[in-house]
Amino acid sequence: MTTTGLMTVMKSTRAAATMTDTALTSVDPAQLARIEKLRQRANQAGAPVPPASRTDSVRPDSRPGGTRRPTKRRHAAFGSRVAAAALGVSAMFSIVAALGLHAAEAQTQAALPLVPAEAPGRIVVLHHNTTAPAATQDVATVSASGPIALTAQPVVRVVQAPQSAAPVARTNGSR
Amino acid sequence: MAVVEHHFRVMASEAHVIVVDPAPGAIKNAERRLHQLEQRWSRFLGGSDISRINMSQEEWVPVSSDTLVLIETMQAASVETDGRFDPTLMHELLVAGYTASIEDPARVSVTIDISCMGLSVHDVILDGPRSQVWVPPGLALDPGGLGKGLAADLVVNELLADGSAGALVSIGGDLFAAGRPPTPTGWQIVVEDPLEVDHDLLTIEFDGGGVATSSTVSRRWQHDGSTRHHLIDPTSRDCSTTDLAGVTVVAATGWQAEAHATGAILVGSDGVIDYLRSNGLTGVGTTLDGSHFASDNLNARPTLEAS
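First to last, the protein sequences are chains A and X. According to our numbering, the stretch in the first sequence is residues 7 to 181, in order. According to our numbering, the stretch in the second sequence is residues 37 to 343, in order.
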């Protein structure tokens with residue numbers, strides 16, 4: 007596979023650097039608590055390991071129990087939790103006191119990055135030649151309406167052959 | 037009654053749109069909308085919502101309302117199939133060699149390295165009011181065929197809401213039809229034989245619903261000297277070793293048909309009929325050696341009986 011048009015970006019950071027984002031964009035204590043639990047679970051299971059190149063971005067050996075140093079990771083996670091708690095609490099108080107909850111939410115939304123922040127510490131593979139539109143060009147602000155759910159199963163009939171004049175669809179598993 | 041058809045490429049597949057008594061601009065709107073959904077959901081496009089989610093590093097990612105619906109649908113599909121549909125197997129897909137778009141090899145998966153075990157799609161946090169998503173570190177999403185089925189559902193419903201009398205949208209054979217059909221007896225769908233090009237298994241007819249086919253003989257490639265395919269078994273976390281070449285499922289919606297087609301093919305020939313029956317589904321499966329299995333209501337078909 008060609009690597010033309012690809013850019014490998016190496017970043018160097020810790021997860022704690024992004025804790026502020028989470029604290030500022032979510033004021034729901036239950037959500038924050040859930041995020042913290044998920045972070046702990048992810049760290050216990052083994053967080054992603056930066057690959058060395060685009061080809062190496064697929065790393066069978068990056069499974070849990072690979073080349074990580076658990077002691078260091080636990081230490082970092084502990085620091086992250088402390089940082090998250092501190093930043094979260096201070097941000098909450100500051101926002102509520104100074105601007106009021108609604109104003110704070112408006113500011114937070116306005117401050118959302120158009121593209122993921124280039125926080126250091128991992129390698130990401132970017133495709134340069136994409137024709138995709140700007141990341142949040144037409145981001146909707148309405149809430150999700152949930153999956154389309156119909157309860158009744160269709161009544162299916164088998165026919166001998168499609169009617170020649172009528173349009174017929176075909177299914178084949180994307181052959 | 038006016039019936040309009042249109043074929044075009046989208047989501048690395050052939051799209052087929054049929055509209056009965058179309059509202060003004062219906063076909064154009066359907067094509068534009070499907071391309072928009074691809075721009076939002078493709079894991080091979082750097083600016084898509086899915087790629088930005090997969091590149092996120094413990095931060096909230098603003099996404100479109102379509103993507104919130106997609107992720108909620110992924111979670112629902114996981115529940116409906118008892119985890120057989122799993123959109124978090126991106127690491128395994130990449131290991132198997134599915135790193136670039138089949139349509140355009142220059143388009144590669146855009147993601148951080150993902151290798152985290154023990155997390156699931158249910159651990160993705162959705163913030164509907166702010167239209168944003170948070171994923172745990174190490175988790176990446178691949179909509180796969182579910183995105184096609186859901187896209188068909190969404191676009192058909194939008195076509196009907198805009199005033200068309202009936203509509204069918206098929207993306208690579210994952211389809212949904214609703215409203216007035218183009219024939220007096222219903223929408224007709226030809227189920228192709230997964231093992232033989234230009235050979236049809238049977239033709240079915242219904243008043244509306246979703247149809248999808250999951251196959252292990254399409255979308256194959258060579259990787260590290262062996263033939264691989266896109267169907268990853270969540271239990272082994274490797275390419276499925278099912279003895280089924282393909283399963284076609286009819287369900288209430290396109291996304292449900294796609295999710296259950298995946299679930300049904302994974303259980304293999306020994307369990308496929310029980311799977312369809314226990315989920316109240318209509319379907320037909322073909323083994324790699326050419327035998328056919330069908331749900332009770334399709335067994336009258338001579339072709340299937342003969343096999």
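Even for Gly, the Cβ is constructed at its ideal location relative to N, Cα and C. Quick caveat, the model's predicted, so the values are computed rather than measured.
Residue-chain proximity (residue 308(X), chain A), Cβ-Cβ < 9 Å:
As a working mapping, residue 308(X) is identified with position 272 in the second sequence. Closer than 9 Å: no.
Taking only three categories from DSSP, how would you classify residue 36(A)?
As a working mapping, residue 36(A) is identified with position 30 in the first sequence. If DSSP states are grouped into helix, strand and coil, residue 36(A) belongs with the helices.
Residue 327(X) versus chain A: which residues are under 9 Å apart at the beta carbon?
Start at 1 with the first residue of the second sequence, and residue 327(X) comes out as number 291. Near residue 327(X) there are no residues of chain A at all, since even the closest Cβ is about 17 Å away, more than 9 Å.
Rounded to the nearest angstrom, what separates residue 95(X) and residue 36(A) at their Cα positions?
Start at 1 with the first residue of the second sequence, and residue 95(X) comes out as number 59. Start at 1 with the first residue of the first sequence, and residue 36(A) comes out as number 30. Spanning the two alpha carbons is a distance of roughly 16 Å.
Determine the contact status of residue 301(X) and residue 128(X), defining contact as a CB-CB distance below 9 Å.
Sequence index remark: in the second sequence, residue 301(X) carries index 265 (1-based). Sequence index remark: in the second sequence, residue 128(X) carries index 92 (1-based). No, the pair does not count as a contact, with Cβ atoms beyond the cut-off.
Name, please, each residue of chain X whose Cβ falls closer than 8 Å to the Cβ of residue 167(A).
Taking the first residue of the first sequence as 1, we reach residue 167(A) at position 161. Per Cβ cutoff of 8 Å: 239.
Does residue 43(X) pass the burial test, meaning 16 or more other C-beta atoms within 10 Å, or should it be called exposed?
Position 7 of the second sequence holds residue 43(X). Flag for residue 43(X) reads exposed.
C-beta neighbour in chain X for residue 39(A), strict 9 Å
As a first step, residue 39(A) is located in the first sequence; it is residue number 33 there, counting from the start. No, residue 39(A) does not count as interfacial toward chain X.
Measuring CA to CA, which of 123(X), 308(X), 224(X) is closest to residue 291(X)?
Counting from one through the second sequence, the residue named residue 291(X) turns up at place 255. It is 123(X) whose Cα lies nearest to the Cα of residue 291(X).
Can you look up residue 198(X) in the DSSP assignment and give me helix, strand or coil?
As a working mapping, residue 198(X) is identified with position 162 in the second sequence. Coil.
Of all the CB atoms in chain A, is at least one closer than 9 Å to the CB of residue 302(X)?
The residue labelled residue 302(X) in the question sits at position 266 within the second sequence. Taking Cβ atoms only, chain A never reaches closer than 9 Å to residue 302(X), which makes this a no.
How should residue 117(X) be labelled, buried or exposed, when 16 other C-beta atoms within 10 angstroms of its C-beta is the threshold for buried?
For the purposes of this step, residue 117(X) is identified with residue 81 of the second sequence, where counting begins at 1. Residue 117(X) is buried by the Cβ-count criterion.
Is the shortest distance between the beta-carbon of residue 12(X) and the beta-carbons of chain A less than 9 Å?
In the structure as shown, chain X begins at 37 and stops at 343. Residue 12(X) is therefore absent and cannot be evaluated.
When the cut-off is 9 Å and only beta carbons count, does residue 35(A) lie next to chain X?
In the first sequence, residue 35(A) corresponds to position 29, counting from 1. With 9 Å as the cut-off, residue 35(A) does not count as an interface residue toward chain X.
Provide the residue span of the beta strand (DSSP E) that contains residue 52(X), from first to last.
Counted from its first residue, the second sequence places residue 52(X) at position 16. Note, residue 52(X): beta strand (DSSP E), 49-56.
Is the separation between the beta-carbon of residue 176(A) and that of residue 227(X) shorter than 9 Å?
The residue given as residue 176(A) occupies position 170 in the first sequence. The residue given as residue 227(X) occupies position 191 in the second sequence. Going by C-beta atoms, residue 176(A) is nearer than 9 Å to residue 227(X).
Am I right that residue 179(A) and residue 270(X) are in contact with their C-beta atoms under 8 Å? What's the rounded C-beta distance?
Within the first sequence, the letter at position 173 stands for residue 179(A). Within the second sequence, the letter at position 234 stands for residue 270(X). Between residue 270(X) and residue 179(A) the Cβ distance is about 19 Å, and since that is not below 8 Å, they are no contact.
Start and end of the beta strand (DSSP E) containing residue 170(X)?
Within the second sequence, residue 170(X) is the residue found at index 134, counting from 1. Here the beta strand (DSSP E) through residue 170(X) covers 168-170.
Of all the CB atoms in chain A, is at least one closer than 9 Å to the CB of residue 218(X)?
One-based indexing of the second sequence puts residue 218(X) at position 182. Yes, because at least one Cβ of chain A sits closer than 9 Å to the Cβ of residue 218(X).
Where residue 167(A) sits in the DSSP three-state scheme
Looking up residue 167(A) in the first sequence gives position 161. Residue 167(A) falls in the coil class under three-state DSSP.
For residue 63(X), collect the residues of the same chain with a Cβ closer than 8 Å to its Cβ; drop the 5 residues on either side in sequence, then sort them by chain order.
Counting from 1 along the second sequence, the entry for residue 63(X) is found at position 27. 40, 42, 53, 55, listed in sequence order.
Inter-residue Cα distance where the pair is residue 39(A) and residue 45(A):
Mapped onto the first sequence, residue 39(A) falls at position 33. Mapped onto the first sequence, residue 45(A) falls at position 39. Roughly 10 Å between the two C-alpha positions.
When you compare only the Cα positions, how much space is there between residue 78(X) and residue 140(X)?
Taking the first residue of the second sequence as 1, we reach residue 78(X) at position 42. Taking the first residue of the second sequence as 1, we reach residue 140(X) at position 104. Rounded to the nearest angstrom, the two C-alpha atoms are 12 Å apart.
By DSSP's criteria, residue 300(X) is part of a beta bridge. Which residues make up the other side?
By 1-based counting over the second sequence, the position of residue 300(X) is 264. Per DSSP, none; premise fails for residue 300(X).
Measure the Cβ-Cβ separation of residue 334(X) and residue 287(X) and say whether it is below 9 Å.
Along the second sequence, read from residue 1 onward, the residue named residue 334(X) stands at position 298. Along the second sequence, read from residue 1 onward, the residue named residue 287(X) stands at position 251. Taking 9 Å as the Cβ cut-off, residue 334(X) and residue 287(X) do not qualify as a contacting pair.
First through last residue of the beta strand (DSSP E) which encompasses residue 248(X)
Here residue 248(X) is taken as the residue at index 212 of the second sequence, counted from 1. Residues 245-251.
Consult DSSP for residue 224(X) and reduce its assignment to one of helix, strand or coil.
Counting from 1 along the second sequence, the entry for residue 224(X) is found at position 188. Reduced to three states, the DSSP call for residue 224(X) is strand.
Closer than 9 Å at the beta carbon, the chain A residues around residue 242(X)
For this step, residue 242(X) is matched to residue 206 along the second sequence. The contacting residues are 160, 161, 162, 163.
Apply the 10 Å Cβ neighbour rule to residue 314(X) and answer buried if 16 or more other Cβ atoms are within range, or exposed otherwise.
Mapped onto the second sequence, residue 314(X) falls at position 278. Residue 314(X) comes out exposed.
Taking a cut of 8 Å between CB atoms, which residues from the segment 268-285 of chain X lie near chain A?
282, 284
I need the DSSP call for residue 172(A), collapsed to helix, strand or coil.
Here residue 172(A) corresponds to residue number 166 of the first sequence, with the count starting at 1. Looking at residue 172(A) - three-state DSSP - the assignment turns out to be coil, as it is neither helix nor strand.
With burial defined as no fewer than 16 other Cβ atoms inside 10 Å of the residue's Cβ, what is the status of residue 323(X): buried or exposed?
Stepping through the second sequence from its first residue, residue 323(X) is reached at position 287. When all chains shown are included, residue 323(X) counts as buried.
Answer yes if the segment 188-207 of chain X comes into contact with the segment 171-178 of chain X, meaning at least three C-beta pairs across the two stretches below 8 Å, and no otherwise.
no
Residue 272(X) burial status per 10 Å Cβ neighbour count (16 or more: buried)
Position 236 of the second sequence, counted from the first residue, corresponds to residue 272(X). Label assigned to residue 272(X): exposed.
Count the other CB atoms within 10 Å of the CB of residue 246(X); is the residue buried (16 or more) or exposed (fewer)?
The count along the second sequence starts at 1 and reaches residue 246(X) at position 210. By the 10 Å Cβ count, residue 246(X) comes out buried.
Nearest-angstrom Cα distance between residue 274(X) and residue 65(X)?
Position 238 of the second sequence holds residue 274(X). Position 29 of the second sequence holds residue 65(X). Cα to Cα, the separation comes out at about 39 Å.
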